[in-house]
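Asker: Here my numbering = 1-based position in the sequence shown + 47.
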Amino acid sequence: MVYFVGAGSGAPDLITIRGQRLLQQADVVIYAGSLVNPALLKETKKDCEIFNSAKMTLEEVVEVMKRAHQQKKMTVRLHTGDPSIYGAVREQMDILEQEGIPYESCPGVSSFCGAAAALNLEYTLPDVSQSVIITRMAGRTPVPEREEIAGFAAHHATMVIFLSTGMLPELQERLAAGGYEADTPAAIVYKATWQEEEKYICTVSTLAQTAQEHNITKTALIIVGDVVTHSNYRRSDLYHPEFETEFRKPCR
């Protein structure tokens, strides 16, 4: 069996209990070495084979999985955050299906959740934003034209932008082209939940300047929207004394 496991956003104790247990049981671990906290590897057995996928191709990763399967060994494919977001897992799963190798997924805490925790942020504030757009700038890896940043920005929903820290001047332009005002609140969260975590509140027009001032060039999330400063929101109906729910009658 191959298990795709989310390592969490950075702090080693943010892996799930299930993910930790799978790591402890694994005979083979293939981890995303450029992003996964290596402290998690301390959870593995002494005789566990460990491979760093940052130095491997897809074909090499799958070959390790196939060999482990033939030897009746359990493999954990350890991805950063949650594997379902920018994890390149589907292509691995398709090959495993073709090879008749069973697999399962174990979710993890995504860095966009870690960034919200770092800022004590609620992404969905009543009357401010009830939607979260998770996206990225087009770089060496293209983005479908229909998902261009400016098009998403036109919704003025909360935006969480991955893999774009090296393109902040262009990101500012695309956000402005989509209709975000220059003073729209924004945040940069570097290595959310790691010991090295840094976080900065700025605006759409000062994203690039803020990153430059703090020498942040990669491994950061960009958050855009009025929820960043959590002002002018309406209290939720759920806990309002006049709001009726299945469990509580309204107070009159």
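Built from N, CA and C at the ideal position, the CB exists for glycine as well.
Owing to the predicted nature of the structure, the values given are computational and were not obtained by experimental measurement.
For the structure I just gave you, are there three or more beta carbon pairs, one from the region 283-299 and one from the region 250-264, closer than 8 Å?
Answerer: Touching, no, given that fewer than three Cβ pairs across the two stretches are closer than 8 Å.
Asker: In three-state DSSP terms, what is ILE248?
Answerer: In the structure shown, ILE248 sits in a strand (DSSP, three-state: E or B).
Asker: Considering only residues of the region 134-181, which uninterrupted beta strand (DSSP E) runs meet the minimum length of 3 residues and lie entirely inside it, listed in chain order?
Answerer: With a minimum length of 3 residues, the continuous beta strand (DSSP E) runs that stay inside the region 134-181 are 150-153.
Asker: Kindly indicate which residue of ALA204, ILE196, GLY226 and HIS203 has the alpha-carbon position closest to the one of LEU215.
Answerer: The option with the nearest alpha carbon to LEU215 is ILE196.
Asker: Rounded to whole angstroms, what's the CA-CA distance from ALA163 to VAL236? Just pull it up for me.
Answerer: Each residue's Cα considered, the two are about 9 Å apart.
Asker: Does DSSP put ALA233 in a helix, in a strand, or in coil?
Answerer: The answer is strand: DSSP assigns ALA233 an E or B state.
Asker: Should GLY57 and ALA239 be called a contact, given that it needs their Cβ atoms to be closer than 8 Å?
Answerer: Yes, Cβ-Cβ distance for GLY57 and ALA239 is below 8 Å.
Asker: Quick one: measure Cβ to Cβ for PHE209 and ILE181, integer angstroms, because I've assumed they're closer than 8 Å.
Answerer: Yes, they are in contact, since the Cβ atoms of PHE209 and ILE181 sit about 7 Å apart, within 8 Å.
Asker: To the nearest angstrom, report how far apart THR127 and GLY272 are at their CA atoms.
Answerer: The straight-line gap from Cα to Cα measures roughly 25 Å.
Asker: Where do the ends of the beta strand (DSSP E) carrying GLU96 lie?
Answerer: Taken as a continuous stretch (DSSP letters only), the beta strand (DSSP E) holding GLU96 covers 96-99.
Asker: Between the region 80-95 and the region 169-183, are three or more C-beta pairs nearer than 8 Å?
Answerer: Result no; under three Cβ-Cβ pairs closer than 8 Å.
Asker: Leaving out five residues before and five after VAL109 in sequence, what residues of the same chain have Cβ atoms less than 7 Å from its Cβ?
Answerer: If we look at VAL109 and ignore the five residues flanking it on each side, its Cβ neighbours are GLN139 and ILE142.
Asker: Output the boundary residues of the beta strand (DSSP E) element that contains ALA124.
Answerer: Just to set this straight, residue 124 is Arg in the shown sequence, not Ala. From DSSP, the beta strand (DSSP E) with ARG124 extends over 122-126.
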